[in-house]
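Comments concern the structure below.
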Amino acid sequence: MGSTMTTYIIRRILLSLPVLFGVLFATFALGRLIPGDPCRAILGEKATDAVCDAFIIRHGLDKPIPTQFRIYVGEVLQGDFGRSFRFSKPVTALMVERLPITIELSFCALFIAILVGVPLGVISAVRHNSWLDVFTMLWANTGISMPVFWLGLMLAYVFALALKGTPFALPASGRLTAGLLTTPFWEVWGMQLSKGSFLYAISDFVGRLNMLNAVLSGNWPVLADAVKHLILPAVALSTIPMALIARMTRSAMLEVLGQDYIRTARAKGLRRTVVIMKHAFRNALLPLVTVIGLSLGGLLGGAVLTETVFNLSGVGRILYEAITARDYGIVQGFTVVIAIFFVILNLIVDVSYAYLDPRIQLD
Amino acid sequence: MDLAVSPTALDIEGLAPRSVSLWQVAARRLFRRKSAILGMVLLGILFLVALTAQWIAPYSPTLSMLDVNPPQGLSKRSPPCIHALGCPADQPEHIVGTDGNIRDEFSRLLYGSRLSLLVGFSTVTFAIIIGTVLGALGGYFGGWIDNLIMRVMDVLLAFPSLLLAIAIVTVLGPGLINALLAIGIVSIPAYARVMRASVLTLREMDYVSATRALGGSNLQILFQRILPNALTPLIVQGTLGIATAILDAAALSFLGLGAQPPTPEWGAMLGAERNQVFTAPHLVFFPGFAIMITVLSFNLIGDGLRDALDPRLAHVS
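Line by line, the protein sequences are chains B and E. For the first sequence, the numbering used here assigns the number 37 to the initial residue and increments by one for each residue that follows. For the second sequence, the numbering used here assigns the number 239 to the initial residue and increments by one for each residue that follows.
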């Protein structure tokens with residue numbers, strides 16, 4: 037098993053290389069297809085001729101297209117994803133600032149989706165055709181039909197305005213109440229990190245995940261505040277994956293519950309809950325991994341909209357602003373990073389799928 | 239394809255089952271599902287509204303109430319006013335209020351149904367045509383053609399769909415047509431994959447070999463023999479695809495990348511008033527609700543179709 041698995045993983049990684057190459061080519065083309073002068077498209081309308089000449093030479097824009105592509109791939113491989121003219125910063129620095137917000141949001145949304153979706157799916161399968169089942173499926177159908185930005189705005193209206201003054205009131209924008217300060221956890225721990233080191237980059241990134249940082253530094257008021265701010269956007273973003281997960285869990289459970297070994301387990305006299313949880317649910321987990329993997333793309337897209345609605349300055353927000361401001365450096369850089377990230381995630385989902393189901397032929 | 243059961247001698251005695259085609263069976267099964275019927279009723283109403291918008295809408299969707307003769311002294315974003323529900327009779331009636339440009343929101347909502355349906359059908363038609371041709375070519379010819387096509391599809395699938403659509407619109411420039419094109423391109427891989435899978439199984443069938451033996455050309459085999467038999471999964475995928483396309487188009491318009499003002503597009507209407515959600519919630523609620531109902535109707539029908547066309551459930555006839 038071990039060696040087949042390793043071969044499979046290596047094969048799977050090799051298979052994603054052409055896709056990664058295609059992704060690089062697509063983002064390269066994106067940068068070249070932008071209407072008008074590429075220098076001013078990337079550096080901004082106000083770039084002078086001298087600056088533009090320097091830019092063109094630096095990025096080899098005067099060279100033939102294949103050479104340009106080689107230069108671009110070389111830059112990306114070295115972790116250089118271009119610059120933003122609006123922030124005058126490399127795209128990588130902006131990513132370190134913005135990615136944690138999106139990751140925190142998506143992770144919490146997925147957590148809520150699984151936490152609610154799985155039990156709902158299991159219960160509707162066990163109580164097949166009961167009013168609870170009918171209600172859950174109706175709700176799941178409505179859930180996947182809701183525009184996430186609409187749900188977000190409606191939640192904001194209800195919880196930030198209609199319920200204002202009640203204990204259920206929740207903030208509808210930002211990550212923390214203004215004035216509340218967070219200290220990066222490594223400073224609280226008294227760690228000395230030199231700027232530019234790998235450890236610093238990692239710690240800096242983790243320190244920007246507000247909730248995790250608050251836990252690590254033991255700052256409970258900040259944790260409570262961060263959670264409060266994250267509830268509405270995370271709930272809005274979780275609706276579609278939650279509905280998908282509930283539906284998938286239900287159909288997988290229904291299929292498993294009809295199998296012979298379930299009847300055998302019941303006939304042996306095992307308790308109903310044991311049969312459902314130990315015999316049925318474990319085997320229904322597999323399609324769940326697939327649907328979670330499939331939701332990740334939608335989650336990232338939904339994050340763009342949710343961040344816009346709730347004024348969270350994450351990846352989605354910066355992309356949106358970059359498009360309006362025609363800051364193509366950001367669009368190109370973030371697109372390529374997200375796509376690479378996505379290819380790797382899909383790889384992980386595929387591998388874990390093969391790992392979870394020994395029946396899957398690895399070759 | 240005709241799956242009709244051939245009449246037998248038993249027919250004479252009236253004992254044989256009446257001949258039923260696959261589509262009749264599917265239709266009968268579809269009409270047995272309450273959720274699918276609900277979906278069809280909702281969609282029917284939407285079509286009716288879209289077709290008759292110009293007669294049932296009280297105002298033009300782009301007409302400001304200031305230009306009405308006689309001018310109505312309304313303020314911006316006035317809340318809904320229905321005379322039958324106790325709104326003072328001296329105020330002009332606007333069932334769901336007016337928007338930021340003092341236009342009748344109800345009329346705009348009615349006209350919006352046209353765009354939503356148009357968006358759904360046009361993008362999916364575009365994606366189905368291109369996806370089907372690509373998938374069929376890849377599946378039928380195999381080899382490097384298949385490899386090339388499917389790797390390009392893999393690259394398209396490597397991007398989260400909404401982000402790819404955003405990137406495409408960035409290059410093409412904002413606007414409804416470009417947004418439709420972007421959503422169409424993004425949805426091609428799904429149909430190409432479905433089509434390729436069907437073609438791979440169908441091309442090994444005996445009736446395909448028979449056509450080839452009779453001297454049928456590749457094109458003839460592909461389009462006359464294989465394509466009609468690969469339709470069912472495409473129909474299901476297409477119906478559910480319309481739902482996704484409408485949602486994505488609304489999202490692009492919400493971000494200001496799709497339909498431009500003063501087009502009465504639901505996503506754009508919602509996006510334009512999103513900062514007024516606390517003062518004029520009706521301008522956010524109703525367009526979003528309309529999007530939800532439209533998407534829901536396609537999802538319900540798509541789900542119903544999937545079950546109705548599933549040959550594994552063929553015991554119900």
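Every residue, glycine too, gets a C-beta built ideally from N, C-alpha and C.
Integer Cβ distance of Val373(B) from Thr138(B), believed to fall under 8 Å: Numbered from its first residue, the first sequence carries residue 373(B) at position 337. Numbered from its first residue, the first sequence carries residue 138(B) at position 102. That belief does not hold up - the Cβ atoms of Val373(B) and Thr138(B) are roughly 11 Å apart, past 8 Å.
Environment of Leu543(E) [buried if 16+ CB atoms lie within 10 Å]: Position 305 of the second sequence holds residue 543(E). It counts as buried.
Chain-ordered residues of the stretch 504–519 of chain E with a beta carbon less than 9 Å from chain B: Those would be Trp504, Gly505, Leu508, Gly509, Arg512, Val515, Phe516 and Pro519, in chain order.
Helix, strand or coil at Ala120(B) according to DSSP, with G and I counted as helix: Position 84 of the first sequence holds residue 120(B). Per the sequence shown, the amino acid found at residue 120(B) is Ser instead of Ala. Strand at Ser120(B).
Closer than 8 Å: Thr482(E) CB and nearest the ligand FAD heavy atom: Only the bare structure without any ligand can be found here, which leaves the ligand FAD out of the picture.
Tyr391(B) versus Leu383(B) - alpha carbon distance: Position 355 of the first sequence, counted from the first residue, corresponds to residue 391(B). Position 347 of the first sequence, counted from the first residue, corresponds to residue 383(B). Looking at the two C-alpha atoms, the distance is approximately 12 Å.
Cβ contact (3+ pairs, closer than 8 Å) linking the stretch 419–436 of chain E and the stretch 357–376 of chain E: The stretch 419–436 of chain E vs the stretch 357–376 of chain E: in contact.
Below-9 Å beta-carbon distance, Leu471(E) vs any chain B residue: Position 233 of the second sequence, counted from the start, is the residue given in the question as residue 471(E). Going by the sequence as given, residue 471(E) is Pro instead of Leu. No, no contact with chain B.
Sequence-distant residues of the same chain with beta carbon closer than 6 Å to Leu402(E), five excluded per side: Position 164 of the second sequence, counting from 1, holds the residue named residue 402(E). Only Val424 meet the Cβ criterion.
Close-in-space but distant-in-sequence residues of the same chain around His553(E) (CB under 8 Å, 5 per side omitted): On the second sequence, residue 553(E) is found 315 positions in, with the first residue counted as 1. Residue placement at His553(E) cannot be trusted, given a pLDDT of 45 that sits under 50; the coordinates are not used to answer.
Alpha-carbon spacing of Glu140(B) relative to Arg299(B), whole angstroms: Locating residue 140(B) in the first sequence gives position 104, counting from the first residue. Locating residue 299(B) in the first sequence gives position 263, counting from the first residue. For the pair Glu140(B) and Arg299(B), the Cα-to-Cα distance works out to about 43 Å.
Met433(E) at chain B interface by Cβ criterion, 9 Å: Against the second sequence, residue 433(E) aligns to sequence position 195. Taking a beta-carbon distance threshold of 9 Å, Met433(E) does not count as an interface residue toward chain B.
The stretch 243–261 of chain B touching the stretch 146–166 of chain B, judged by at least three CB pairs closer than 8 Å: No, the stretch 243–261 of chain B does not touch the stretch 146–166 of chain B.
Interface residues of the stretch 168–196 of chain B facing chain E [CB-CB below 7 Å]: Of all residues in the stretch 168–196 of chain B, only Asn177, Thr178, Ile180, Ser181, Met182, Pro183, Phe185, Trp186, Leu189, Met190, Ala192 and Tyr193 place a beta-carbon less than 7 Å from a beta-carbon of chain E.
Backbone CA spacing between Phe234(B) and Asp240(B) [nearest angstrom]: Position 198 of the first sequence, counted from the start, is the residue given in the question as residue 234(B). Position 204 of the first sequence, counted from the start, is the residue given in the question as residue 240(B). Rounded to whole angstroms, Phe234(B) to Asp240(B) spans 10 Å at the Cα level.
Inter-residue CB distance, Leu414(E) and Ala497(E) (contact presumed, cutoff 8 Å): Against the second sequence, residue 414(E) aligns to sequence position 176. Against the second sequence, residue 497(E) aligns to sequence position 259. Contact holds; Cβ gap of about 4 Å.
Where the alpha helix (DSSP H) containing His164(B) begins and where it ends: Taking the first residue of the first sequence as 1, we reach residue 164(B) at position 128. Boundaries cannot be given for His164(B), as no alpha helix (DSSP H) includes it and DSSP labels it neither H nor E.
Exposed unless 16 or more other CB atoms sit within 10 angstroms - verdict on Glu343(B): For the purposes of this step, residue 343(B) is identified with residue 307 of the first sequence, where counting begins at 1. Looking at its Cβ environment, which holds 16 or more other Cβ atoms inside 10 Å, Glu343(B) is buried.
Any C-beta of chain B under 9 Å from that of Met530(E): By one-based count along the second sequence, residue 530(E) stands at place 292. Yes, Met530(E) lies at the interface with chain B (some Cβ there is under 9 Å from its Cβ).
Rounded separation between Leu321(B) and Ala205(B) - CA only: Sequence index remark: in the first sequence, residue 321(B) carries index 285 (1-based). Sequence index remark: in the first sequence, residue 205(B) carries index 169 (1-based). Cα-Cα distance, rounded: 36 Å.
Length of the line joining the Cα atoms of Ala301(B) and Arg163(B): Taking the first residue of the first sequence as position 1, residue 301(B) is located at position 265. Taking the first residue of the first sequence as position 1, residue 163(B) is located at position 127. Straight-line Cα distance between these residues: approximately 18 Å.
Closer than 8 Å at the beta carbon, the chain E residues around Gly202(B): If you number the first sequence from 1, residue 202(B) lands on position 166. Checking the sequence shown, residue 202(B) turns out to be Thr, not Gly. The contacting residues do not exist; Thr202(B) stays about 16 Å from chain E at best.
Cross-strand partners of Arg341(E) (DSSP beta bridge): Here residue 341(E) refers to the residue found at position 103 of the second sequence. DSSP output for Arg341(E) lists Ser302(E) as bridge partner(s).
Cβ-based burial, Pro299(E) [other Cβ within 10 Å; buried from 16]: In the second sequence, counting from the first residue as 1, residue 299(E) sits at position 61. Residue burial annotation: Pro299(E) is buried, with at least 16 other C-beta atoms found within 10 angstroms of its C-beta.
Whether Ala487(E) touches Val367(B) by CB criterion (9 Å): The residue labelled residue 487(E) in the question sits at position 249 within the second sequence. The residue labelled residue 367(B) in the question sits at position 331 within the first sequence. Against a cut-off of 9 Å, the Cβ pair of Val367(B) and Ala487(E) comes out as no contact.
Chain D residues whose Cβ lies nearer than 8 Å to that of Thr408(E): This model lacks chain D altogether, as its protein chains are B and E.
Identity of the residue in Trp186(B), Met131(B), Tyr108(B) and Leu113(B) nearest Ala237(B) by Cα: Your numbering for residue 237(B) matches position 201 in the first sequence. It is Met131(B).
DSSP-derived helix/strand/coil call for Lys125(B): If you number the first sequence from 1, residue 125(B) lands on position 89. When DSSP states are grouped into helix, strand and coil, Lys125(B) belongs to the strand group.
Neighbouring residues, chain B, relative to Phe397(E) (Cβ below 9 Å): Here residue 397(E) refers to the residue found at position 159 when the second sequence is read from its first residue. Under the 9 Å cutoff, chain B gives Val59, Ala62, Gly333, Thr371, Ile374, Ala375 and Phe378.
Where the alpha helix (DSSP H) through Trp504(E) begins and ends: The residue given as residue 504(E) occupies position 266 in the second sequence. Membership of Trp504(E) in the alpha helix (DSSP H) is indicated by the continuous run Trp504 to Ala510.
Beta-carbon spacing of Leu280(B), Ala176(B) below 9 Å: Indexing the first sequence from 1 puts residue 280(B) at position 244. Indexing the first sequence from 1 puts residue 176(B) at position 140. Against a cut-off of 9 Å, the Cβ pair of Ala176(B) and Leu280(B) comes out as a contact.
Proximity to Pro398(E) [Cα-Cα], best of Val59(B), Glu291(B) and Arg362(B): Position 160 of the second sequence, counted from the first residue, corresponds to residue 398(E). Cα-wise, what sits closest to Pro398(E) is Val59(B).
Spatial distance of Leu304(E) from Leu312(E) (CA atoms): Walking along the second sequence from the start, residue 304(E) turns up at place 66. Walking along the second sequence from the start, residue 312(E) turns up at place 74. Rounded to the nearest angstrom, the gap between the Cα atoms of Leu304(E) and Leu312(E) is 8 Å.
Boundaries of the alpha helix (DSSP H) in which Asp240(B) is found, first to last residue: To locate residue 240(B), count along the first sequence from 1; it is residue 204. Here the alpha helix (DSSP H) through Asp240(B) covers Phe234 to Gly243.
For His332(E): DSSP bridge partner residues: Translated into the one-based positions of the second sequence, residue 332(E) becomes position 94. Cys319(E).
Among Met284(B), Arg286(B), Ser287(B) and Ile312(B), the one whose alpha carbon lies nearest that of Tyr297(B): Position 261 of the first sequence, counted from the start, is the residue given in the question as residue 297(B). Among Met284(B), Arg286(B), Ser287(B) and Ile312(B), the Cα nearest to that of Tyr297(B) is on Ile312(B).
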